[in-house]
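K.L.:
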Amino acid sequence: MTMKIAGHRLTQEQLACEFSDVAPLLDATAAAAAASRCHYCYDAPCVQACPTQIDIPSFIRKISHGNLKGAAVDILSANPLGGMCSRVCPTEILCEGSCVRNHPGDEPVRIGALQRHATDSAMARGEPLFKRAPETGRRIAIVGAGPAGLACAYRLALAGHQAIIFDARAKPGGLNEYGIAAYKTVEDFAQREIEWLHSIGGIEIRTGVALGRDVTLDELRKQYDAVFIGFGLAGVRELALEGESLEGVMNAVDFIEQVRQADDLASVPVGRRVVVIGGGNTAVDAAVQSRKLGATSVTMAYRRGVENMGATWAEQEFAQNNNVTIVTHANPVRLIGADGHVTGVEFDRAGERLIIEADMVLKAIGQTLVPVGIDRELLSLDGGRIVTDENRQTTLAKVWAGGDCATHEGLDLTVQAVQDGKLAAASIGASFELTAIKAA
245 MTMKIAGHRL
255 TQEQLACEFS
265 DVAPLLDATA
275 AAAAASRCHY
285 CYDAPCVQAC
295 PTQIDIPSFI
305 RKISHGNLKG
315 AAVDILSANP
325 LGGMCSRVCP
335 TEILCEGSCV
345 RNHPGDEPVR
355 IGALQRHATD
365 SAMARGEPLF
375 KRAPETGRRI
385 AIVGAGPAGL
395 ACAYRLALAG
405 HQAIIFDARA
415 KPGGLNEYGI
425 AAYKTVEDFA
435 QREIEWLHSI
445 GGIEIRTGVA
455 LGRDVTLDEL
465 RKQYDAVFIG
475 FGLAGVRELA
485 LEGESLEGVM
495 NAVDFIEQVR
505 QADDLASVPV
515 GRRVVVIGGG
525 NTAVDAAVQS
535 RKLGATSVTM
545 AYRRGVENMG
555 ATWAEQEFAQ
565 NNNVTIVTHA
575 NPVRLIGADG
585 HVTGVEFDRA
595 GERLIIEADM
605 VLKAIGQTLV
615 PVGIDRELLS
625 LDGGRIVTDE
635 NRQTTLAKVW
645 AGGDCATHEG
655 LDLTVQAVQD
665 GKLAAASIGA
675 SFELTAIKAA
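The sequence shown runs 245 to 684 under the numbering used here.
Shown next, in the form of C-alpha cells:
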C-alpha cells in the first residue's frame, strides 16, 4: 500500500517514549515483594491454567529466596520461550486469572512479571542452564521458525538430535518477530531469545527457504528422520466489500510488521483518522500502535459485543487507556472513497447506518492457512488446519505439526504454540525409540 504519511507526526523523543516497554522489568525489591504474596498452593490452579505447565509456585518460591537461576530453570525447562511468553501471554485469563488471590478486595500474584524477572536475569548472565545430550545422529526438518518450530527444535536439540529449521522469512521468529506490538517486545528481544535457544547447539536455521517453492514436503520426508510443520497462518481474511481496494486500506498484520521492522518509526505511514475492523489482539495491537504513531483518532469497530471479542478484557482496557474508541455491534457494509483513497467506512449498527470517517483502514478479521506445499490427499485438513492427534502427529507418516496451522486444544497463543512444539518433540523422540526397539 502506498500512502502519504500523516501531517501530524511525533518527534523522535516522543516516539521513543510512546514505544518504550509497556511493562518494565521489576527490580529486585519489587520482585521480592511480589513473590512474597504467593501462597505456594498445592495443586496450584495457576499451573493448571498454564498451557506449558510451568511449576509456578516453585519458581516464585526460588525468587523469594534470591535463587534466580533456579527460578529460570523451573520456567525454561517447561517453556523454552518463557521470556517472550512473560511479555505477551494473556496472563489475566491464564495463570493470573486462576490465582487464588484473584477475587474482590485482593489481586492476583504478578506471575507474568515475576517470570520475566527470572528469565531476563538468566539471559543477561549468559550462563548455561541446561546441557545437551550426546549426539544421536537423528536429523529433523522443521518448517517455520515461529514459537512452535523454535520450541520443537530446542527440545529436540536438547535430546541430542539435530534440528534444521527452514523459514521463508529473512529473519526467524515468526509471530514473535513480525506480528506482536513493538511496545511489548522492545530492544530486539525476539532475536535475543532465539540466540539463547541457539546456544544449546544442534540447531541450524535456514532463512529464505519456503515450503512448496524451494523445498517440498516429500523431499524433506526422504532426507530427514522426521518433519515438523509450524508455519502458522500466513493468509489474511478479506472483507469482500465494495471499496476494499482503495488506497489507505491494508491488513493489520502488514501494518504491525511495518512497525516492528522499521528502523525509523517516524517513517511508518499512518493516517490521521484510523479505523481498525476486528476485535482480537491483532486489532488492539494495530489500533494502539496507530495512536502511538500520532493518529488523531483511532476507532476499533467490532461486529458483535465486547463479551465476544477475541481481545481479553485487559487488552480492551489497554486500548481504551490509549485513547482508542471501541464501537461494538458494527457490521461493515462498504468502504467509502474519493479520488481512489478511502475516506470512511459504512457500518450497519442494529439496523441503522453508521459512517466513521477514516483516511486509513486496517483489517484485522482473522488469518487463514495457506496450504502451499501440502498435498491434501496425504495430509488431512479440518477447518483450515492440519489435523493432528494429541501428540501433534499428522495423518502422514513421519510428519508432525503444531502452532496456529494445526488443530489443537486451547487458544491460538504463543504459549500454546510452544506447548505444541514440546509435545511434537517428545512424540518424535518416542518414535525414534520405538523404531530402535523394533530394529533390535
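Cβ atoms here follow ideal geometry from the backbone N, Cα and C, with glycine treated the same way.
Leaving out five residues before and five after L509 in sequence, what residues of the same chain have Cβ atoms less than 6 Å from its Cβ?
P.N.:
So the qualifying residues of the chain are L259.
K.L.:
Starting from M494, follow the beta strand (DSSP E) in both directions and report where the run begins and ends.
P.N.:
That run of the beta strand (DSSP E) goes V493 to N495.
K.L.:
Should I304 go down as buried or exposed, given a rule of 16 or more other Cβ atoms within 10 Å for buried?
P.N.:
Buried, because 16 or more other Cβ atoms sit within 10 Å of the Cβ of I304.
K.L.:
Go through its chain and collect everything with a Cβ distance to R636's Cβ below 7 Å, but skip five positions before and after it.
P.N.:
Within the same chain, R636 has close Cβ partners W644, A645, G646, A650, D664, L667, A668 and S671.
K.L.:
Using three-state DSSP, classify N566 as helix, strand or coil.
P.N.:
Coil, per DSSP.
K.L.:
Which partner residues of E448 appear in the DSSP bridge assignment?
P.N.:
According to DSSP, E448 bridges with I408.
K.L.:
Mind checking Q292: buried by the 16 CB within 10 Å criterion, or exposed?
P.N.:
Exposed is the call here.
K.L.:
Rounded to whole angstroms, what is the Cα-Cα separation between Y546 and P576?
P.N.:
Y546 and P576: Cα-Cα distance of roughly 9 Å.
K.L.:
Throw me the rounded Cβ distance for the T658 and C329 pair, which I believe falls under 8 Å.
P.N.:
That pair is a contact at about 6 Å.
K.L.:
Figure out for me which residue from G515, C285 and V568 has the closest Cα to the Cα of L253.
P.N.:
Checking the sequence, you will find Arg at residue 253 rather than Leu. Ranking G515, C285 and V568 by Cα distance to R253 puts G515 first.
K.L.:
Which first and last residues belong to the alpha helix (DSSP H) in which G581 is found?
P.N.:
Here G581 belongs to no alpha helix (DSSP H); instead the beta strand (DSSP E) covers N575 to A582.
K.L.:
By Cβ distance below 6 Å, which residues in the same chain neighbour I447 in space, the five residues on each side in sequence not counted?
P.N.:
So the qualifying residues of the chain are A397, A401 and A407.
K.L.:
Tell me, which residues are paired with L358 by DSSP?
P.N.:
DSSP, once it has assigned bridges, lists no residue as partnering L358.
K.L.:
How is K607 classed by DSSP in three states: helix, strand or coil?
P.N.:
The answer is strand: DSSP assigns K607 an E or B state.
K.L.:
Looking only at its own chain, which residues have a Cβ that is under 6 Å from the Cβ of A392, when we skip the five neighbours before and after it?
P.N.:
Result list for A392: G474, G646, G647, A661, D664 and G665, in chain order.
K.L.:
Mind the definition here: the segment 364 to 372 touches the segment 622 to 638 only if three or more C-beta pairs lie below 8 Å; say whether that holds.
P.N.:
Touching, no.
K.L.:
In the structure shown, what three-state DSSP assignment does Q637 receive?
P.N.:
Note: Q637 maps to strand in three-state DSSP.
K.L.:
To the nearest angstrom, report how far apart G251 and E340 are at their CA atoms.
P.N.:
Unreliable placement is indicated for G251, whose pLDDT of 46 sits below 50; no coordinate value is reported for it.
K.L.:
Measuring straight from C-alpha to C-alpha, what distance separates T612 and V503?
P.N.:
Roughly 22 Å between the two C-alpha positions.
K.L.:
If you draw a straight line from the C-alpha of D583 to the C-alpha of T572, how long is it?
P.N.:
So the alpha carbons of these two residues sit roughly 29 Å apart.
K.L.:
From the DSSP output, in three-state form, read off S264 for me.
P.N.:
Three-state result, S264: coil.
K.L.:
Looking at the strands, I want to know which residues DSSP matches up with W644.
P.N.:
W644 is bridged to F472 and Q637.
K.L.:
Hey, could you find the ends of the beta strand (DSSP E) A650 is sitting in?
P.N.:
Note, A650: premise wrong, no beta strand (DSSP E); not H, not E.
K.L.:
In the DSSP assignment, find the beta strand (DSSP E) that holds S300 and state where it starts and stops.
P.N.:
The residue you asked about is not Ser; residue 300 is Ile in the sequence shown. First-last for I300: I300 to S308, but that is the alpha helix (DSSP H), not the beta strand (DSSP E).
K.L.:
Can you give the beta carbon distance from I521 to I609, rounded, assuming they're within the 8 Å contact cut?
P.N.:
The pair is a contact, with the Cβ atoms about 6 Å apart (cut-off 8 Å).
K.L.:
Considering Cα atoms alone, identify which of A558, I500, G524 and E421 is closest to E536.
P.N.:
Inspection of the sequence shows that residue 536 is occupied by Lys rather than by Glu. Among A558, I500, G524 and E421, the Cα nearest to that of K536 is on I500.
K.L.:
How many angstroms separate the CA atom of T460 from the CA atom of R383?
P.N.:
Distance between the alpha carbons of T460 and R383 is about 17 Å.
K.L.:
Specify the secondary structure class of K630 as computed by DSSP and reduced to three states.
P.N.:
Position check: residue 630 holds Ile in this sequence, whereas Lys was assumed. Here I630 sits in strand by DSSP.
K.L.:
In terms of alpha-carbon separation, which member of R620, D592, A425 and I599 lies closest to V528?
P.N.:
It is A425 whose Cα lies nearest to the Cα of V528.
K.L.:
Helix, strand or coil for H585 per DSSP?
P.N.:
Looking at H585 - three-state DSSP - the assignment turns out to be strand.
K.L.:
Considering only the alpha carbon of each residue, which of D592, G327, V480 and A574 lies closest to D432?
P.N.:
The residue with the shortest Cα to Cα distance from D432 is G327.
K.L.:
Quick one: Cα of F591 to Cα of S264, how far?
P.N.:
Distance between the alpha carbons of F591 and S264: 35 Å.
K.L.:
Using 8 Å for Cβ pairs, my map puts T540 next to T569. What's the rounded Cβ distance?
P.N.:
No, T540 and T569 are not in contact; Cβ-Cβ is about 12 Å, not under 8 Å.
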